[in-house]
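In order, the protein sequence lines correspond to chains A and G. Remember, this note's numbering sits 689 above the position in the first sequence when you count from 1. Remember, this note's numbering sits 34 above the position in the second sequence when you count from 1. Each residue gets a CB set at the ideal place from its N, CA and C atoms; glycine is no exception. Quantities reported herein were computed from a predicted structural model and do not represent experimental measurements. Report on the following structure.
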Amino acid sequence: MSAERPVIGYAGMTHLGLNSAVASAERGFTMVCFDPDATRIAPLQNGELPVVEPDLPEMLARNRERISFTADAADLARCDLVYVAPDVPTDDAGGSDTGPLEGLIAIVDMAMRPDAVMVVLSQVSPGFTRPLKRPGAVKYYQVETLIFGRAIERAMYPERFIVGCDDPARPLPPALAAYLAAFDDCPILPMRYESAELAKISINVCLVASVSVANTLAELCEKIGADWSEIVPALKLDRRIGPYSYLAPGLGIAGGNLERDLATVCRFSDRHGTDSGFIRAMIANSQYRRHWPLRRLHEVLLQHDSQADPVVAVWGLAYKQDTHSTKNSPSLAFLSALGPFRVQAYDPVVEAEPAFHPRISGADSALAACDGAEVLAIMTPWPAFREITPAQIAARMAGRLVLDPYAVLDRGAAQEAGLDLQTLGVDLGMAAATRQAAE
Amino acid sequence: MLTHRLDSDADPGRVVIVGAGGFIGRTLNDRLDQAGIAVLPVDLPQYDLTLPDAGATLAAQLRPTDAVVFLSSLTPDRGRDAGTVRTNLAIAEGMLAALAGAPVAHLIYFSTDGVYPFGRALINEASPAAPTDSYGAMHLAREILARDLADRQDLPLAVLRATLIFGGRDTHNSYGPNRLRRMAARDGRITLFGEGEEMRDHVYVGDVARLILAVLRRRSSGLLNIASGRSVSYRRLAELVAAQFPAAVEIAGGPRMQPVTHRHFDVTALRCAFPAFRFLPLEDGLALAHEEMRLHEDRARDSNA
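Following this line, the structure appears as structure tokens:
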């Protein structure tokens, strides 16, 4: 290999592997992108992408000559370093199915050179990497930090590399060291396999803890006339909490990965007899928060009108913006509890399907979804929704209620338009009354 | 927490109400009559489920297409001692023996929110059941016995844990709307424990009957709390009760016997199970109960005259 420019392989062309590989090409590496599923490779060879991520199409087009997509494992023999990075499927209980990953590792292990380095990048439970057959000197685990909707940004500019090793005191092999060094002096943290495997889970548990704190206190704000958005800046200026802390209230965790990590901690805690009460409380809080829009719909509208048969406009079906994924989506949870009511839905990426709700109809635009609706629920904060003014919404709706958990709409403009805006972390009715009293 | 065996409403062939003569049983019976659904009322003195052969006697009356609503129990005002617990378990033993001998299509076990402790105010179906009194413990034991039978028979079992229920026919005198109304009617004054700070959720018995019917029509199974999701303080409750009377009713604080506790319900599971179901606003339910009690009092006066 060339000491500066090893040839890099990525095995598993799903979300993680694809974005990581394209970002690596952008960093100047020659890439071999392998997946044993030829039906996955053929579209990629034609430039068709299976996932939605900002900058991914442009970056792929820019680096197309440096990337070869292949379904032939033998092509991995060219590589000095191979990342095994398929997405690991999770079930509704947060359990991981690592069977496909193990199968892919076996294929890659057979195909790559004995001296080449294998790095497992997929997320695995503690204890997964060490028993793999490949010798410790050429077998590593690396923590992935993919965020749906920010996958390219995260792959291009990682905060640190967490590398699980057989022996953390041993220098990294040249191919791996050269590859990681190409990412702008990003800190490298070697540690034993088990520590690295748990580090990834630890990061996610800390994130969920922050969000759970925000959710718990934001709900209290809604009841006592406080405004969580006024409190957050005070917290972020506290050095022990920090400017980048996750303090935005939400509708519970979604997407599958965080849920999986919490489930993993509970499973390991149960097996080893350690206390997981705090983790289980976060899971319960997440499940509770998911139904905030449903609670508000009943509290504000339905319980005061026994005859109400509202048309409900829903903006957003994906579990968050900039992704096509609907895994554990709060929007779908909301739809599942709307029973007999008519639903008019719009999402920039996800099609409205009858499986989501028996009386759902897909709208051509966000505003078209509002036509004649009693209530609008903005369930995914897609950036395009921010460009629509409350006055435009009010002109199309029959009712005034807008459930806007993520504060997509401007409060003042919504009030001027006569909308009854309901937002996480603040009782806007009380806020308006306070303002009026002050005036 | 509740799953429906049927995708749309279908009336059960017949409903067996065990405890048909009680406060909830009579209201449910009326509701089923209105819906044109056949009812087999089961209660004392014809059916004494504590007797040794009670199970066989009742089993002889059951049909495989029946839905059974098991309401019968001695409430805390009838005793909180070991004997009351023993009698309540004997009632369940007789009922479950009947079901073991004559499987039915659907079972609803009517339980209480007394299975939840008061340590945490917000309750939902995922809250751990850890009763702190014999009444709650008895119901939890009966739930478990019913679930055991249901598992063995693959019988759809819905466990409904109800919060405080009020209505004109309520003969119990527990601390709630009915007692407050009786105080107001008798004394022109409502005396609260402490200043009535405790928050509780109160549901009108007619809503409970409607909800049981909704569960019957979907052959639902699982666990559901019956609560409106709106808690009010006893002082606010007293004000609402007092407002039913034309003359002013004094509301006074009194000695506090217990520390202040609150109870709120997260009723998401109910809203997911029955999205179109609405509880009567508390104010409307209290007005209905007031009218029912007033009519009952008028009738009693007329018959005495």
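Item                                                                                                                                                                          : Value
Of all the beta strand (DSSP E) runs that stay within the bounds of the stretch 693-778 of chain A, which reach a length of 3 or more residues?                               : 697-700, 720-723, 756-759, 770-773
Is it a yes or a no for the stretch 1047-1061 of chain A touching the stretch 998-1012 of chain A, going by three-plus beta-carbon pairs under 8 Å?                           : yes
Residues of chain D with CB closer than 8 Å to the CB of A248 of chain G, please, in chain order.                                                                             : The question asks about chain D, but that chain is absent: this structure's protein chains are A and G.
Exposed or buried, what is K1181 of chain A when buried is set at 16 or more other beta-carbons lying within 10 Å of its beta-carbon?                                         : What is shown of chain A runs 690 to 1128, which leaves residue 1181 of chain A out entirely.
Is there at least one Cβ from chain G nearer than 7 Å to H1046 of chain A's Cβ?                                                                                               : no
Taking C-beta pairs closer than 7 Å, name the residues in chain G that Y977 of chain A reaches, listed in chain order.                                                        : D300
For R819 of chain A, which option in A:D855, A:G717, A:D1093 has the closest C-alpha, if you only look at C-alpha atoms?                                                      : A:D855
For P309 of chain G, return the contacting residues in chain A, with the cut-off set at a CB-CB distance below 8 Å.                                                           : A1026, L1027, G1028, P1029, F1030
Could you work out which residues of chain A lie near A160 of chain G, taking near to mean beta carbons separated by less than 8 Å?                                           : A973, Q976
Go ahead and label R333 of chain G buried or exposed: buried means 16 or more other beta carbons lie within 10 angstroms of its beta carbon, across all protein chains shown. : exposed
Below 8 Å on the Cβ atoms is my contact criterion, and I expect Y868 of chain A with F718 of chain A to pass it. Report the Cβ-Cβ distance as a whole number of Å.            : 7 Å
When burial is assigned at 16 or more other CB atoms within 10 Å of the CB, is N259 of chain G buried or exposed?                                                             : buried
With DSSP collapsed to three states, give me the class of V1000 of chain A.                                                                                                   : strand
Which residues in chain A have a C-beta closer than 7 Å to the C-beta of R305 of chain G? List them in chain order.                                                           : L983, H987, A1026
Just verifying my parser: in three-state terms, what is the DSSP assignment at Q80 of chain G?                                                                                : coil
Roughly how many whole angstroms lie between the Cα atoms of T37 of chain G and L133 of chain G?                                                                              : 22 Å
Quick one: which unbroken beta strand (DSSP E) runs of 3-plus residues sit fully inside the stretch 271-333 of chain G? Chain order, please.                                  : 284-286
Any Cβ of chain G within less than 7 Å of the Cβ of H980 of chain A?                                                                                                          : yes
Quickly, what does DSSP pair L198 of chain G with across the bridge? List them, please.                                                                                       : G:H236
Do L1090 of chain A and V989 of chain A have their beta-carbon atoms positioned less than 7 Å apart in this structure?                                                        : yes
Buried or exposed for V777 of chain A, please, with buried defined as at least 16 other CB atoms from any protein chain shown within 10 angstroms of its CB.                  : buried
Check whether the Cβ atoms of G89 of chain G and G128 of chain G lie closer than 7 Å to each other.                                                                           : yes
Hey, H1013 of chain A and V1032 of chain A: beta-carbon distance below 7 Å or not?                                                                                            : no
Is the CB-CB distance between L936 of chain A and L924 of chain A below 7 Å?                                                                                                  : yes
Run through DSSP, which three-state label would K1016 of chain A get?                                                                                                         : coil
For M1086 of chain A, name the three-state secondary structure that DSSP assigns.                                                                                             : coil
What number of angstroms, rounded off, separates the C-alpha of A272 of chain G from the C-alpha of A196 of chain G?                                                          : 21 Å
First and last residue of the beta strand (DSSP E) that includes Y143 of chain G?                                                                                             : 140-146
At 9 Å on the CB atoms, spell out the chain G contacts of Q1033 of chain A, in chain order.                                                                                   : Ordered by position in chain G, no residue passes the 9 Å Cβ test against Q1033 of chain A, which lies about 17 Å from the chain.
Measure the Cβ-Cβ separation of V73 of chain G and V49 of chain G and say whether it is below 7 Å.                                                                            : yes
Candidates G:N338, G:V283, G:R215, G:M233: which alpha carbon is nearest A323 of chain G's?                                                                                   : G:R215
Is there contact between the stretch 199-207 of chain G and the stretch 51-60 of chain G, where contact requires at least three CB pairs shorter than 8 Å?                    : yes
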